[in-house]
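Start counting the sequence shown at 1; every next residue gets the next number (full-length UniProt numbering).
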Amino acid sequence: MSDIASSTDAELFPIREVCRLTGINPVTLRAWERRYALVVPTRTESGHRLYSMADVERVRSILAWIERGVAVSKIGALLQSSSDKAAPVLADGEFAAWQGRVLDALKVFSEAELARLYGQLFSLYGALEIYREVLLPVWNQLLIAREQFGMRSQWLLLDTFLRGRVLQRLQLARRDGAPDVLLCAPQGQCHELEWLLAGLALQESGVSVQLHSAEQPLEELALVGAHSAAPVLLLLAQKPFATDWLNKPLAKLSLSLDCTLALAGAGSELAAERLAELGIAHLGSDWFALALRLKRLLAEQLDT
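Okay, structure coming up:
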């Protein structure tokens with residue numbers, strides 16, 4: 001059984017174990033505590049650091065933000081913002097066990113076992129719950145640890161498998177008629193799976209989605225929007241935008257479109273103030289909760 005499935009929230013880990021579980025350097029972890037208070041462990045009477053499973057998950061979240069290009073000094077506010085919106089849901093024993101089974105299948109590169117587990121999960125839970133609680137945490141964990149020997153290959157297997165399954169599910173659920181939203185991701189802003197999962201989250205919540213591209217050239221967005229019947233053009237951005245693009249091209253794009261322009265993802269979270277100044281809708285960084293805000297936008301109830 002893998003590490004992720006063998007621990008509980010009540011356990012406390014020494015710093016060496018946290019580093020082994022997450023791939024973080026101990027010097028870096030101590031610096032995060034000292035300079036930014038990003039992870040604050042408990043201390044033994046002798047002064048040794050002890051970390052909870054919640055701390056381990058927080059380290060993984062920090063590493064995920066860094067992976068998206070966010071400066072460490074800005075991550076604390078982003079973590080707090082996410083915490084204010086919804087209490088973090090740590091994998092309970094049941095979901096942690098499923099994560100462990102998936103990791104075990106990936107360690108031996110068994111696509112057949114992965115497919116079997118996938119089928120079992122869908123016989124027990126809803127699609128969004130499966131991805132939020134089991135599959136995406138494993139995908140993120142492997143992505144963060146991909147520089148370790150063997151991890152990149154495990155991640156590639158899972159990524160390829162999930163992209164195929166999500167795309168298949170989206171195609172089966174496709175509806176006739178004009179879509180509610182045209183979903184694009186600018187070049188280099190997210191992984192294809194993240195774009196597909198945003199589409200799945202919307203589709204599963206009753207929003208009709210047209211998936212355009214996960215590598216959309218920014219300079220051609222106006223052309224794409226002009227030929228879409230969707231009332232909303234939604235850009236998924238997981239990385240910080242260049243300041244010069246936010247200052248001029250984005251404002252120009254918004255004015256040139258007949259449809260409403262909206263942004264979602266971690267990149268839009270970082271640019272929230274600028275988006276508000278431009279009057280562009282910002283729908284948050286959690287695409288599992290994306291549909292509600294998009295529905296409000298479609299109903300002209302969201303103040304943009």
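Think of the CB as a built atom: it goes at the ideal place given N, C-alpha and C, for glycine as much as any other residue.
This structure is a prediction, so every number in the text was calculated from the model and none was measured.
Judged by pairs of C-beta atoms under 8 Å, the region 149-157 touches the region 103-115, as three or more such pairs exist. The region 278-291 and the region 192-210 touch, with no fewer than 3 CB-CB distances between them shorter than 8 Å.
Comparing alpha-carbon positions, the option among Ala276, Val18, Arg68 and Asn140 lying closest to Val102 turns out to be Asn140. Taking a 10 Å sphere around the C-beta of Gln168, we find fewer than 16 other C-beta atoms and assign the residue as exposed. Judged by DSSP in its simplified three-state form, Ser256 adopts helix. Three or more Cβ pairs drawn from the region 181-193 and the region 211-224 lie within less than 8 Å of each other, which places the two stretches in contact. Counting other Cβ atoms within 10 Å of its Cβ, Ala96 reaches 16 or more and is therefore classed as buried. Here the alpha carbons of Ala64 and Leu263 stand approximately 20 Å from one another. Annotation: Gly267 to Leu78 spans about 11 Å, alpha carbon to alpha carbon. In this structure, Tyr36 lies away from Leu12, with their beta-carbon atoms at least 8 Å apart. Beta-bridge partners of Tyr51 (DSSP): Phe13. With a cutoff of 8 Å on beta-carbon distance, Val56 and Val18 are scored as near each other. Straight through space, the alpha carbons of Ala145 and Glu220 are spaced by roughly 35 Å. Using a Cβ distance threshold of 8 Å, Ser256 and Ile280 do not count as a contacting pair. Under the three-state reduction of DSSP, Gln187 is assigned to coil, being neither helix nor strand. Taking C-beta atoms as the reference points, Glu194 and Arg163 fail to come closer than 8 Å.
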